[in-house]
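Have a look at the structure below before the remarks.
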Amino acid sequence: MAVDDLVPGLYVAELDRPWLETPFLFQGFVVEDEAALRTLREYCRHVYVDPERSRPEALRRVPPAASPPPARVTRLRGAPRVVEPGHADVVRAFGEAPQPSGNEFRALLRLARDVRGRSRRIVDRIFRDVRLGRSVDTAEVREIMRDLVAVVTENASASLWLTNLRKRDEYTSIHSMNVCVLALAFGRHLGLRRHDLEELGTGAILHDVGKVRTPDEILNKQERLTEAEMAIVRRHPEDGYRLLQPTGALPEAALQIVRLHHERIDGSGYPLGLAGEQIPQPVLIAGICDVYDAMTSDRPYRKGVPADRVLRMLYDRAEFDFGQALTEGFIRCLGIYPPGCLVQLDDNALAVVVTADPHARLRPVVMLVRDAEGALCRRRTLRNLAAMAAESDRPGRGCNVRRVLNPADHDVDIAAVLAADLATR
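Under this note's numbering, the first residue of the sequence shown carries the number -11, and numbering increases by one thereafter.
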């Protein structure tokens, strides 16, 4: 369809040029307003529209001669139709006010924090037991997984926001929790059944258990690892599998995640060098979540990379690592502006992204941390950018994201912002 024939409400499935040549992070979004139309007209001449994912009232406004044909949409191998959280989820948590109270969201956030804290204590104990040669309490793992699935299913954004509570000296257990939450949120996004989510989460939360056999001096080394040290690190998937498989109590899908989460579809991964469809989809789901959290986390030898850059890096390597469809699905799950990333608004205020409405991906709900003059916000208010833009009597400034920032460059500690908000509400 020619971009001049587009109207708000149509779902653009593909562009006529590589997405990296445009401001859009990935292909696949609903055209929300005239601003998005102007951007599309600036960069594209034609786009592919998916009628099934477009809004009915928008399709009725399309001239008959310009009616969109079926879009060339690639489905995930073996995956059901994506079930994205709807607009109602965001409205329930924040309302439609430009400056919502967020009471519902904070209640979900506290619940997610409590379940996450309890789960992490159990993970710490599991790692300690394995290190001491004791068996894993699989009944306890199943119990915490049911709780985590319930919390993430209720509202994934609250759980995803908590993945920003990171401490460099507690990387292994926090990383395991984060990968589990990310995998559950992504699995929910893909429409996986509860039983499949529990198996996926079990494998994700135990994926690095084999590192109990990796010397701490290698795990915490601040310089680049030698080839010999890398060979030791690369043993952890097989070590984890051999520690857990004899129990006979864990599902095969979870064991595959532990053993294969470093496999890549081009065959370059380890330990078995599997390729393409040899790698089960739950393994790829856990694998992409593992890479995302590892790259965005601070480590002894480097600072974490901003989330938007990591998503672009994942996209660049999609055909080699996790596949185009799965990678684009992961980006859609987290959103153009993932929860916890720092953004500059068009009035120069700095804000942390809290969650995004899937129908307004370019305008998330944010928490202000610095005002337009650069002063620290003592009272951190929420701002619903989509609701602000919808108010016709408001000026446009302050309701658009100008760019994503590196928190370290602006003296903003995302974990401290989150912890302070939890402590004072």
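By construction, the Cβ of each residue, glycine as well, lies at the ideal position given by its N, Cα and C atoms.
Inset, instruction - Give the C-beta separation of Asp4 and Val35 to the nearest angstrom, bearing in mind that I take them to be a contact with Cβ-Cβ under 8 angstroms. - result: Yes, Asp4 and Val35 are in contact; Cβ-Cβ is about 6 angstroms, under 8 angstroms.
Legend entry - Own chain, CB closer than 7 angstroms to Val139, minus 5 neighbours either side, in chain order: Leu99, Ala100, Val103 and Ser147
Legend entry - Short Cβ contact (7 angstroms threshold) for Gly328 with Ala344: no
Inset, instruction - Have a look at the DSSP bridge pairing and note the partners of Phe17. - result: Answer is Val0.
Inset, instruction - Would you identify the three-state DSSP class for Arg98, choosing helix, strand or coil? - result: In the three-state reduction of the DSSP assignment, Arg98 falls in the helix class, which pools H, G and I.
Inset, instruction - Output the residue ranges of the alpha helix (DSSP H) runs that lie fully inside the region 82 to 159 and measure 4 residues or longer, sorted by chain position. - result: 91 to 119, 126 to 142 and 144 to 149
Legend entry - Whole-number beta carbon distance between Asp(-7) and Pro51, since they are thought to touch under 8 angstroms: Sure, about 6 angstroms apart at Cβ, within 8 angstroms.
Legend entry - Val400 in three-state terms, based on DSSP: coil
Inset, instruction - Kindly indicate which residue of Val279, Val389 and Asp304 has the alpha-carbon position closest to the one of Met292. - result: Note that residue 292 is Gly in the sequence shown, not Met. Of the listed residues, the one whose Cα sits closest to Gly292 is Val279.
Legend entry - Per-residue DSSP class, three states only, for His34: In this structure, His34 counts as strand in the three-state DSSP scheme.
Legend entry - DSSP three-state assignment for Ala360, whether helix, strand or coil: coil
Legend entry - Simplified DSSP assignment, three categories, for Gln210: Coil, per DSSP.
Legend entry - Local conformation of Asn166 per DSSP, three classes: helix
Inset, instruction - Return helix, strand or coil for Val405, following the three-state DSSP convention. - result: helix
Legend entry - Bridge partner(s) assigned by DSSP for Arg338: For clarity, residue 338 is Leu in the given sequence; the question names Arg instead. Gln332 and Arg358, per the DSSP bridge assignment.
Legend entry - Of the residues Arg130, Asp135, Ser123 and Ser89, the one placed nearest Gly105, counting alpha carbons only: Selected option, being the one with the closest Cα: Asp135.
Legend entry - Helix, strand or coil at Ala306 [DSSP, three-state]: coil
Inset, instruction - Check the C-beta distance from Ala81 over to Leu188 and give it rounded, since I have them as a contact under 8 angstroms. - result: With a Cβ gap of about 24 angstroms, Ala81 and Leu188 do not count as contacting.
Legend entry - Limits of the beta strand (DSSP E) - the one that Val392 falls within: Val389 to Leu393
Inset, instruction - May I ask you to report which of helix, strand or coil DSSP gives Asp370? - result: Note on identity: in this sequence residue 370 is Leu, with Asp being the wrong assignment. Three-state DSSP puts Leu370 in a strand.
Legend entry - Length of the line joining the Cα atoms of His250 and Gly311: Computed Cα separation, rounded: 14 angstroms.
Legend entry - Backbone CA spacing between Leu120 and Asp204 [nearest angstrom]: When rounded, the distance between both Cα atoms is 15 angstroms.
Inset, instruction - Tell me whether the beta-carbon of Pro326 lies closer than 7 angstroms to the beta-carbon of Ala295. - result: yes
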